[in-house]
């Protein structure tokens, strides 16, 4: 096979199709699903609902798989979910040091930095340093909890609801929620202002 | 195995570089590989643990040079040959072996929903928990040469049970064709000072999900 990965994958795909091992239409459907249907908007809806529905939030923190399942966002690489809540006192951060485990159904596929050797190696030993590189300086009094995804449990951070958003609907709130805040490398800013 | 993939706590990889407005896939081949990998999973010839292990077996120097999807490609090629779906000769010629019968793919586009639904790693096995929330435990100081999900940085360290996740497939056996051998899985909190020494912050902790046989009472 050629050494260029693009050529190698092309050669591999045509071999697999010729052998009848994969159906090209299924490949297109898989790519379409992860490019267009499964992404951080799902997680943002979960977060916005937790901010606006206290009973749902309690269910989410008690049994995230059941609560997220209610919203139809359980699935591959997110079969077993745990949600951890950021507060004034506690900041949560998610990593997978051994590979790149990430809650696909609620966040989509992980960004390159999440899969990078730098993030995987440092998030557990120097979380505040990593957060600083994302522009987040935490007060020394804040407790940092790092969740290393060593099993099939997938973690989602419930960010703090920004101030000044009391008048917003769940849909409007969902638009404020970022992927990075749900991984735990960002705090959400108040709309039109700074955090 | 004490491989390069077990990176938690290493130094020297530099800053974390985030990219603005990052696409889901950077190159078309990454998307094709991602899809091929998942479609082939429907043959049921491997599991998530053996797939992870195939990537762990990439020689360390190569692993560090490769991008994420290059690692996927290397692992996939190893597995394809290992399970006999494709031969070395077919990979090098790019053509099916002469006289090989054409197979029928197990996954079609209309089966996508089942693929996306995933498959739980919990097993309905009656196993009483040895530990309960609040117990002090220690991760065993073990160095298996095969697949394990107990990172080096936690071995020998003491922590506290914070959650009982129920009974899950055990990766250390499942990766090697030795069966699922389900065990209870616990969430364990380790203080940063326990993991990284007295100089670490007393306001930091790392949580790991660890199987019962990784643990002893502390």
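Chains as they are written, first to last, in my numbering: chain G, 111 to 305; chain L, 3 to 220.
The beta-carbon is built from N, C-alpha and C at its ideal position, and this holds for glycine as well.
This structure is a prediction, so every number in the text was calculated from the model and none was measured.
Can you give the Cα-Cα distance for residue i and residue j, rounded to whole angstroms?
{"i": "residue 146(L)", "j": "residue 226(G)", "result": "25 Å"}
{"i": "residue 304(G)", "j": "residue 25(L)", "result": "Summary for residue 304(G): the model assigns pLDDT 48, below 50, so the residue's position carries little reliability; its value from the coordinates is reported in the next sentence. Rounded to the nearest angstrom, the two C-alpha atoms are 26 Å apart."}
{"i": "residue 98(L)", "j": "residue 92(L)", "result": "6 Å"}
{"i": "residue 149(L)", "j": "residue 278(G)", "result": "48 Å"}
{"i": "residue 101(L)", "j": "residue 129(G)", "result": "11 Å"}
{"i": "residue 128(L)", "j": "residue 151(L)", "result": "23 Å"}
{"i": "residue 60(L)", "j": "residue 186(L)", "result": "30 Å"}
{"i": "residue 298(G)", "j": "residue 123(G)", "result": "42 Å"}
{"i": "residue 224(G)", "j": "residue 63(L)", "result": "21 Å"}
{"i": "residue 21(L)", "j": "residue 241(G)", "result": "15 Å"}
{"i": "residue 16(L)", "j": "residue 239(G)", "result": "11 Å"}
{"i": "residue 166(L)", "j": "residue 95(L)", "result": "51 Å"}
{"i": "residue 210(G)", "j": "residue 9(L)", "result": "11 Å"}
{"i": "residue 114(G)", "j": "residue 150(G)", "result": "31 Å"}
{"i": "residue 235(G)", "j": "residue 43(L)", "result": "35 Å"}
{"i": "residue 230(G)", "j": "residue 39(L)", "result": "23 Å"}
{"i": "residue 167(G)", "j": "residue 168(L)", "result": "22 Å"}
{"i": "residue 198(L)", "j": "residue 290(G)", "result": "26 Å"}
{"i": "residue 116(G)", "j": "residue 78(L)", "result": "15 Å"}
{"i": "residue 104(L)", "j": "residue 89(L)", "result": "14 Å"}
{"i": "residue 111(L)", "j": "residue 138(G)", "result": "8 Å"}
{"i": "residue 144(L)", "j": "residue 180(L)", "result": "19 Å"}
{"i": "residue 13(L)", "j": "residue 282(G)", "result": "41 Å"}
{"i": "residue 213(G)", "j": "residue 202(G)", "result": "15 Å"}
{"i": "residue 133(G)", "j": "residue 50(L)", "result": "21 Å"}
{"i": "residue 131(L)", "j": "residue 29(L)", "result": "46 Å"}
{"i": "residue 180(G)", "j": "residue 164(G)", "result": "15 Å"}
{"i": "residue 27(L)", "j": "residue 222(G)", "result": "10 Å"}
Residue i lies in the alpha helix (DSSP H); which residues open and close that run?
{"i": "residue 296(G)", "result": "Unbroken run through residue 296(G): none, as it is neither H nor E."}
{"i": "residue 168(G)", "result": "164 to 172"}
{"i": "residue 74(L)", "result": "70 to 85"}
{"i": "residue 224(G)", "result": "222 to 225"}
{"i": "residue 45(L)", "result": "Per DSSP, residue 45(L) belongs to no alpha helix (DSSP H) and is neither H nor E."}
{"i": "residue 141(L)", "result": "Element bounds for residue 141(L): not the alpha helix (DSSP H) but the beta strand (DSSP E), 138 to 141."}
{"i": "residue 127(G)", "result": "115 to 128"}
{"i": "residue 240(G)", "result": "237 to 243"}
{"i": "residue 116(L)", "result": "114 to 119"}
{"i": "residue 216(G)", "result": "214 to 217"}
{"i": "residue 90(L)", "result": "90 to 95"}
Assuming the contact rule is C-beta atoms closer than 8 Å, residue i and residue j should be a hit. Round their C-beta distance to whole Å, please.
{"i": "residue 7(L)", "j": "residue 70(L)", "result": "With a Cβ gap of about 12 Å, residue 7(L) and residue 70(L) do not count as contacting."}
{"i": "residue 172(L)", "j": "residue 153(L)", "result": "Wrong, their Cβ atoms sit about 16 Å apart, outside the cutoff."}
{"i": "residue 45(L)", "j": "residue 87(L)", "result": "6 Å"}
{"i": "residue 143(G)", "j": "residue 118(L)", "result": "6 Å"}
{"i": "residue 73(L)", "j": "residue 57(L)", "result": "5 Å"}
{"i": "residue 214(L)", "j": "residue 125(L)", "result": "Residue 214(L) to residue 125(L), Cβ: 13 Å. No contact."}
{"i": "residue 188(G)", "j": "residue 215(G)", "result": "4 Å"}
{"i": "residue 171(G)", "j": "residue 178(G)", "result": "About 12 Å; that fails the 8 Å criterion."}
{"i": "residue 186(G)", "j": "residue 113(L)", "result": "Their Cβ separation, rounded to whole angstroms, is 13 Å, which puts residue 186(G) and residue 113(L) out of contact at 8 Å."}
Over what stretch of residues does the beta strand (DSSP E) that includes residue i continue unbroken?
{"i": "residue 189(L)", "result": "185 to 193"}
{"i": "residue 267(G)", "result": "263 to 268"}
{"i": "residue 65(L)", "result": "Run containing residue 65(L): none in the beta strand (DSSP E); it sits in the alpha helix (DSSP H), 62 to 67."}
{"i": "residue 258(L)", "result": "A question about residue 258(L) goes unanswered here, because the residues of chain L that appear run from 3 up to 220."}
{"i": "residue 256(G)", "result": "253 to 258"}
{"i": "residue 208(L)", "result": "206 to 213"}
{"i": "residue 177(L)", "result": "Careful: residue 177(L) lies outside any beta strand (DSSP E) and carries neither H nor E."}
{"i": "residue 219(L)", "result": "217 to 219"}
{"i": "residue 190(G)", "result": "190 to 195"}
{"i": "residue 201(G)", "result": "200 to 205"}
Considering only their Cβ atoms, is the gap separating residue j from residue i smaller than 8 Å?
{"i": "residue 169(G)", "j": "residue 176(G)", "result": "yes"}
{"i": "residue 269(G)", "j": "residue 292(G)", "result": "yes"}
{"i": "residue 209(L)", "j": "residue 256(G)", "result": "yes"}
{"i": "residue 174(G)", "j": "residue 205(G)", "result": "no"}
{"i": "residue 75(L)", "j": "residue 119(G)", "result": "yes"}
{"i": "residue 206(L)", "j": "residue 254(G)", "result": "yes"}
{"i": "residue 202(L)", "j": "residue 138(L)", "result": "no"}
{"i": "residue 133(L)", "j": "residue 216(L)", "result": "no"}
{"i": "residue 148(G)", "j": "residue 37(L)", "result": "no"}
{"i": "residue 284(G)", "j": "residue 18(L)", "result": "no"}
{"i": "residue 207(G)", "j": "residue 258(G)", "result": "yes"}
{"i": "residue 109(L)", "j": "residue 33(L)", "result": "no"}
{"i": "residue 160(L)", "j": "residue 196(L)", "result": "yes"}
{"i": "residue 212(L)", "j": "residue 260(G)", "result": "yes"}
{"i": "residue 153(G)", "j": "residue 217(G)", "result": "yes"}
{"i": "residue 162(G)", "j": "residue 300(G)", "result": "no"}
{"i": "residue 190(G)", "j": "residue 122(L)", "result": "yes"}
{"i": "residue 156(L)", "j": "residue 141(L)", "result": "yes"}
{"i": "residue 85(L)", "j": "residue 47(L)", "result": "yes"}
{"i": "residue 107(L)", "j": "residue 131(G)", "result": "yes"}
{"i": "residue 163(L)", "j": "residue 190(L)", "result": "yes"}
{"i": "residue 199(G)", "j": "residue 252(G)", "result": "yes"}
Would you check if the segment 187 to 196 of chain G and the segment 261 to 268 of chain G touch, i.e. whether three or more CB-CB distances between them fall below 8 Å? Verdict: yes, contact present.
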